[in-house]
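The block underneath contains the structure these notes are about, expressed in structure tokens.
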Amino acid sequence: IAKIVKSIERSGRRPSDGLGRILHDIFIGDNSTCKEIIFKEIAVASMHILPEFDARHLSNLIYAFGIVEFSPMFEDGSIFFDLVALEAIPQLKTYNSHDISNLLYAYANMKAKSSQLFLESGDVIVAQHNLDSFKPQAISNIAWSYATMGESHPKLFRKVANHITAQHNLDSFKPQDFSNTLWAYATIGESNPKLFKKIADAAVTKKNEFSSQQISNTLWAYATNGHIDEHLYQSLAPTAAEIVDKFNNQGASNVAWAYAVSNVPAPTLFGQNFIDCCMEKQDEFTQEQLSQLHQWSLWQQELNSNISLSSTLQEKCFEAFISQVFHPSALQDDVISHLSSIGLQPVEEKLLQTGYRLDAFMEVNGNKIGIEVDGPFHFLGRKPTGNTILKRRQITNLEGIQVVSVPYWEWDKLKRDSNEKQKYLRSLLCLN
Numbered sequence: 005i006a007k008i009v010k011s012i013e014r015s016g017r018r019p020s021d022g023l024g025r026i027l028h029d030i031f032i033g034d035n036s037t038c039k040e041i042i043f044k045e046i047a048v049a050s051m052h053i054l055p056e057f058d059a060r061h062l063s064n065l066i067y068a069f070g071i072v073e074f075s076p077m078f079e080d081g082s083i084f085f086d087l088v089a090l091e092a093i094p095q096l097k098t099y100n101s102h103d104i105s106n107l108l109y110a111y112a113n114m115k116a117k118s119s120q121l122f123l124e125s126g127d128v129i130v131a132q133h134n135l136d137s138f139k140p141q142a143i144s145n146i147a148w149s150y151a152t153m154g155e156s157h158p159k160l161f162r163k164v165a166n167h168i169t170a171q172h173n174l175d176s177f178k179p180q181d182f183s184n185t186l187w188a189y190a191t192i193g194e195s196n197p198k199l200f201k202k203i204a205d206a207a208v209t210k211k212n213e214f215s216s217q218q219i220s221n222t223l224w225a226y227a228t229n230g231h232i233d234e235h236l237y238q239s240l241a242p243t244a245a246e247i248v249d250k251f252n253n254q255g256a257s258n259v260a261w262a263y264a265v266s267n268v269p270a271p272t273l274f275g276q277n278f279i280d281c282c283m284e285k286q287d288e289f290t291q292e293q294l295s296q297l298h299q300w301s302l303w304q305q306e307l308n309s310n311i312s313l314s315s316t317l318q319e320k321c322f323e324a325f326i327s328q329v330f331h332p333s334a335l336q337d338d339v340i341s342h343l344s345s346i347g348l349q350p351v352e353e354k355l356l357q358t359g360y361r362l363d364a365f366m367e368v369n370g371n372k373i374g375i376e377v378d379g380p381f382h383f384l385g386r387k388p389t390g391n392t393i394l395k396r397r398q399i400t401n402l403e404g405i406q407v408v409s410v411p412y413w414e415w416d417k418l419k420r421d422s423n424e425k426q427k428y429l430r431s432l433l434c435l436n
């Protein structure tokens, strides 16, 4: 029933006639009333016999509710997904790969929070000798589920990465498996260069099989993690160009931003068809997406390209970019205070012509210097994120300003020793 419902709902409208219309009226109804009545009754009938469900049955049950995106609440205030989690957790060691994948996918697709379920499920997967019983779709769905719910489990992500990189080839993986896995690692903030390299090499061989969303998610993931695989970007550009009209607003802005980060020219993709695509969607872009397009426009300036958005859309993108709200951190305040203490005159939160803001700007020995106080969110481990890479490069190339980074771990190790902090800054700015 759930799969029939999902199939009909995917069309976005009530079928005009035939079997589709009959199934719609039986299982969905006006405003999904039939769907909710049916699944509420199933939930009520299941509630008192949940202890009788084995792993497969419980997994199938909650998976059905997950794909129709319905979470019943009972008169006593209890929630069906919470009750199923309580039953599932003690049984997790009996779940096979398919069961546990469907279980986690249901909670993620429904956005049903259950941190304990995700924690213990991850522990069960990590404890397995290997993941050979897990099909590519199960692996990618598990990674996607953790990232979607914001549930960090570093050991699980390492286990998955080690399993994939150990494979002789990835012929059994589909583009959807690649894009879901990569998106998950980038979203949850897990950096694994070996994994990204392995998938990039395999994805190139299947470049013509990628959909617009799969291209968007894949390239966004590489750019977000600051892992630039030039061959992958070059290989996917012609495919993206052929289906550029299939990109939604998020897909278009993500692809544009990803190529800007990579700095891999793609004239076959970014031509008039791409501009037309953006113009058609100009009223659909969010503030974040407009900001991405602004950075893409700056990249076109870097390339001395003759391709550009309309002046109206460019202005809209610029306004979105400069309207982003920034809150100086205690770390930033401390660095700026010590810059002043060594005789410099830093200008805080300096707004540049490109729309970027520098934490501090000053002239040192006739040179324009921008100081970026880079906290943990600017890095994956000790490697700069795509946003950090792009900002540094574009300010340097377009503003002629030397960007100097003060990484949080270098500053933190100086603790409260002002003399050492002053010494560090003098050395960093070559003032000795």
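Mapping the sequence shown onto my numbering, position 202 (from 1) lands on 206, and the numbers just tick up by one.
The C-beta atom is built at its ideal place from N, Cα and C for all residues, glycine as well.
Run the CB neighbour count on Thr209, radius 10 Å, all protein chains shown included, and call it buried at 16 or more, exposed below.
-> exposed
Selected residue, minimal CA-CA separation from Pro411, among Val351, Arg430, Gly379 = Gly379
Indicate the three-state DSSP secondary structure (helix, strand or coil) for Ser119 in the structure shown.
-> DSSP places Ser119 in helix when its eight states are reduced to three.
Runs of beta strand (DSSP E) wholly within the stretch 115-179 (minimum 3 residues, chain order) | None, since the stretch 115-179 contains no complete beta strand (DSSP E) of that length.
Look at Val339 and Ile393 and say whether their C-beta atoms are less than 8 Å apart.
-> no
Are the stretch 189-196 and the stretch 153-172 touching, with three or more C-beta to C-beta distances below 8 Å?
-> yes
Are the beta-carbon atoms belonging to Ser183 and Ile232 less than 8 Å from one another?
-> no
Using 8 Å as the Cβ pair cut-off and three pairs as the minimum, do the stretch 385-401 and the stretch 335-355 touch?
-> Verdict: no, contact absent.
For Val72, the first and last residue of its enclosing beta strand (DSSP E) = Segment 59-72 is the alpha helix (DSSP H) holding Val72; no beta strand (DSSP E) there.
Which whole-angstrom value describes the C-beta separation of Ile311 and Gly359, a residue pair presumed to lie in contact below a C-beta threshold of 8 Å?
-> Wrong, their Cβ atoms sit about 19 Å apart, outside the cutoff.
Just mark Ala4 as buried or exposed, buried being the case when its beta carbon has 16 or more other beta carbons within 10 Å.
-> Any answer about residue 4 is impossible in this case: the structure gives the chain only from 5 up to 436.
Identity of the residue in Leu402, Met114, Phe138 nearest Asn100 by Cα | Of Leu402, Met114, Phe138, the residue nearest in Cα terms is Phe138.
Three-pair Cβ contact test at 8 Å for the stretch 172-192 versus the stretch 142-149 | The stretch 142-149 and the stretch 172-192 touch, with three or more beta-carbon pairs separated by less than 8 Å.
With distances taken between CB atoms, is the gap from Ala244 to Ile219 smaller than 8 Å?
-> yes
Name the residue from Lys39, Ala151, Asp103 whose alpha carbon lies nearest to the alpha carbon of Ile129.
-> Asp103
Run of the beta strand (DSSP E) containing Ile375, from where it starts to where it stops | 371-378
Proximity below 8 Å, CB of Ser301 to CB of Gln328 = no
Arg18 to Thr37, Cα distance in whole Å?
-> 14 Å
Where Phe85 and Thr290 are concerned, what is the direct C-alpha to C-alpha distance, given to the nearest angstrom?
-> 32 Å
Alpha-carbon to alpha-carbon, Ala190 and Gly126 | 18 Å
Roughly how many angstroms separate the alpha carbons of Arg420 and Leu429, rounded to a whole number?
-> 14 Å
Mark His157 as exposed unless 16 or more other C-beta atoms lie within 10 angstroms of its C-beta, in which case mark it buried.
-> buried
Pull up the distance between the alpha-carbon of Thr98 and that of Gly24, whole angstroms please.
-> 38 Å
Entirely enclosed beta strand (DSSP E) segments - the stretch 321-371, minimum 3 residues | 351-355, 361-368
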